[in-house]
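Residue 14 in the working numbering is what sits at position 16 of the sequence shown, and the numbering runs on without skipping anything.
We put the beta carbon where it would ideally sit given N, CA and C, even for glycine.
Just so you know, these numbers come straight off a predicted model, no measurement behind them.
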Amino acid sequence: MVEDEMSLVFAALADPTRRAILERLAHGEAAVNQLAEPFAMSQQAISKHLKVLERARLISRTRSAQSRPCVLRTEHLDAAAGWIARHRQIWADRHDRLGDHLAALRDARRDGEETARAVPPAARSDGEGTAR
């Protein structure tokens, strides 16, 4: 999938109404008036949402006599889910490395503080233990 197509998918999924429409279509095809029922918006507003979903290739409209029912197309959803899964692993690996690095810094700091406490002030070479 081309990056621009991926952007269209994520932009389409960014809207809660469009996500709800996709959830409804996951149960089977539906006409525009059926998709508009649960929402407090006009059929024209629903049609605009459907155009966004069509442009992102998340749905298609078929011909059935007089009506044009909407059908969910999962290929681009699958591609988006794959992209998320790949990047989730990358981010998890980076998070783990950051955790390891922070733990090493804490250990080094703790070791440095223990060493500083173990050396008597007069024996320090940095001059902190000498009187001025």
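Check: Three-state secondary structure (DSSP) of SER5; Outcome: helix
Check: In DSSP terms, what SER40 is bridged to; Outcome: In DSSP, SER40 forms no bridge with anything.
Check: Stretch-stretch touch, CB-based, cutoff 8 angstroms, three pairs: the region 26 to 38 with the region 93 to 108; Outcome: no
Check: Option in ASP91, CYS68 and VAL50 with minimal Cα separation from GLY26; Outcome: CYS68
Check: Reduced DSSP category for ARG55 - H, G, I as helix; E, B as strand; rest coil; Outcome: coil
Check: DSSP state of ALA28 mapped onto helix, strand, coil; Outcome: strand
Check: Nearest candidate by alpha-carbon position, reference ARG61, set GLU3, ALA54 and ALA28; Outcome: ALA28
Check: Sufficient close CB pairs (3 or more, under 8 angstroms) joining the region 1 to 20 to the region 50 to 64; Outcome: yes
Check: Beta-carbon gap between SER40 and VAL30 smaller than 8 angstroms; Outcome: no
Check: From ARG22, PRO14 and VAL50, residue whose alpha carbon lies closest to that of SER5; Outcome: VAL50
Check: Same chain only: Cβ atoms within 7 angstroms of ARG17, ignoring 5 sequence neighbours per side; Outcome: LEU11
Check: GLU21 - containing alpha helix (DSSP H), residue span; Outcome: 14 to 23
Check: CB-CB length for THR15 against HIS47, believed under 8 angstroms; Outcome: 6 angstroms
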